[in-house]
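**Student:**
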Amino acid sequence: CKFFSLTETPEDYTIIVDEEGFLGDGRGSPCLSDKPLCSPSVSAELPSSEHLSVADATWLALNVVSGGGGFSGSQPIGVTKIAKSVIAPLADQNISVFMLSTYQTDFILVRERDLPFVMHTLAAEFTILRVVNGETVAADDLGITNGFVKPKLVQRPVIHPLSSPSNMFCVTSLDPDTLPTVATLLMDVMFYSNGVKDSVVGNEDSGHIRFFSFSLIEGYISLVMDVQTQQRFPNNLLFTSASGELWKMVRIGGQPLGFDECGIVAQISEPLAAADIPAYYISTFKFDHALVPEENINGVVNALQVSQAEKH
Numbered sequence: 001c002k003f004f005s006l007t008e009t010p011e012d013y014t015i016i017v018d019e020e021g022f023l024g025d026g027r028g029s030p031c032l033s034d035k036p037l038c039s040p041s042v043s044a045e046l047p048s049s050e051h052l053s054v055a056d057a058t059w060l061a062l063n064v065v066s067g068g069g070g071f072s073g074s075q076p077i078g079v080t081k082i083a084k085s086v087i088a089p090l091a092d093q094n095i096s097v098f099m100l101s102t103y104q105t106d107f108i109l110v111r112e113r114d115l116p117f118v119m120h121t122l123a124a125e126f127t128i129l130r131v132v133n134g135e136t137v138a139a140d141d142l143g144i145t146n147g148f149v150k151p152k153l154v155q156r157p158v159i160h161p162l163s164s165p166s167n168m169f170c171v172t173s174l175d176p177d178t179l180p181t182v183a184t185l186l187m188d189v190m191f192y193s194n195g196v197k198d199s200v201v202g203n204e205d206s207g208h209i210r211f212f213s214f215s216l217i218e219g220y221i222s223l224v225m226d227v228q229t230q231q232r233f234p235n236n237l238l239f240t241s242a243s244g245e246l247w248k249m250v251r252i253g254g255q256p257l258g259f260d261e262c263g264i265v266a267q268i269s270e271p272l273a274a275a276d277i278p279a280y281y282i283s284t285f286k287f288d289h290a291l292v293p294e295e296n297i298n299g300v301v302n303a304l305q306v307s308q309a310e311k312h
């Protein structure tokens, strides 16, 4: 498995895993689910359960980098830096996206069936490459232009409510070689720490929410956790920025957002880009989450509310 991400929210767990990880067959196309995940063609592999929801499509992970190379060899751009060049154009073309920011880079997940529209929208500004069997190749020879019809521009979606939990968060990484030493702690944090959460930071009524994200992608580990959870890890084990920056969260959605609506990420990233405020963005099965520098949170909330008011 080369692409795995698990995010816990108060509502559920969201898991993204490639088909190689799910099936063990080496196909490697990322899919999307809030539990062990699959594409429609392999849905029969999953036991029927009322507690399991699976997205109805296979998704492809786009990674925008400078230098035109692979994920490990190029510099990440950042979600607010691609708001105008990637996020907004896809929203205007009625293409739904699912964002996953990590310590190292940002991934934009799009439905596999939308790939022709994605390529048509972005080809004028970007060189589009695809990783096939570990090799980076040009994506313009995939035979996707036959019968292509340019989608019509669509009006942006409804505006969703925003909230900001009181937690402060850390965006960190971990040397994969040290993973065995904290495996038990990670399992406890991810699956068994509800009681600890209540005793340490209070419950959600006090303004805190439960949020933890772990990603292991192409050998790189990324973790997003609140400062109370970070304190449970041994000193000097987690990588952070030199400034030790803390982040506050803006949570998007008053009810489950679903996967069909377009422009939700643009609703947040465009005003942040205009204000030159960096952000991590993590979509989950039901809601979206943006992390911004702690000192910017009041300005961010105000800017987003102003932006929303202008759209009404």
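Residues 1 to 312 (UniProt numbering) are what the sequence shown spells out, left to right.
Glycine residues also receive a C-beta, built at the ideal position from the N, C-alpha and C atoms.
#1: Going by the beta-carbon positions, is the gap between Thr9 and Phe211 smaller than 8 Å?
#2: Between which two residues does the beta strand (DSSP E) containing Pro234 stretch?
#3: In whole angstroms, what separates the C-alpha of Ile128 from that of Asn236?
#4: Straight-line CA distance for Ile297 to Val182?
#5: Looking at C-alpha atoms only, which residue of Asp260, Val227, Gly254 and Tyr192 is the closest neighbour of Asp56?
#6: Thinking C-alpha only, which one of Asn94, Val131, Leu90 and Ala123 is nearest Ile108?
#7: Let me make sure I understand the geometry here. Which of Glu112, Phe3, Val54 and Val250 has the alpha-carbon closest to that of Ala279?
#8: Excluding the 5 residues preceding and the 5 following Thr102 in the sequence, name in chain order all residues of the same chain whose CB lies nearer than 6 Å to its CB.
#9: Three-state secondary structure (DSSP) at His120?
#10: Should Gln267 go down as buried or exposed, given a rule of 16 or more other Cβ atoms within 10 Å for buried?
#11: Using only CA atoms, which one of Met190, Gly263, Asp175 and Glu310 lies nearest to Gln93?
#12: Would you tell me roughly how many angstroms separate the C-alpha atoms of Ile82 and Val64, rounded to the nearest one?
#13: First and last residue of the beta strand (DSSP E) that includes Ile217?
#14: DSSP three-state label for Ile16, please.
#15: With Ile221 as the anchor, note down where its beta strand (DSSP E) starts and where it stops.
#16: When you compare the CB positions of Ile87 and Gln308, do they come within less than 8 Å of one another, or not?
#17: Can you name the residues that DSSP bridges to Leu95?
#18: Would Pro165 be called buried (16 or more neighbouring beta carbons within 10 Å of its own) or exposed?
#19: Is Thr287 helix, strand or coil by DSSP?
#20: Between the alpha carbons of Val224 and His120, how many angstroms are there, rounded?
#21: Can you check which of these residues, Thr58, Gly134, Gln104 and Ser213, is closest to Val97 by C-alpha distance?
**Tutor:** Put simply:
#1: yes
#2: Here Pro234 belongs to no beta strand (DSSP E), and DSSP marks it neither H nor E.
#3: 38 Å
#4: 32 Å
#5: Asp260
#6: Leu90
#7: Val250
#8: Ser215 and Ser222
#9: helix
#10: buried
#11: Gly263
#12: 8 Å
#13: Phe212 to Ile217
#14: strand
#15: Tyr220 to Asp226
#16: no
#17: Contrary to the premise, residue 95 reads as Ile rather than Leu in this sequence. Paired residue(s): none; Ile95 is not in a bridge.
#18: buried
#19: The displayed chain sequence assigns Phe, not Thr, to residue 287. Phe287: coil per DSSP, three-state reduction.
#20: 34 Å
#21: Thr58
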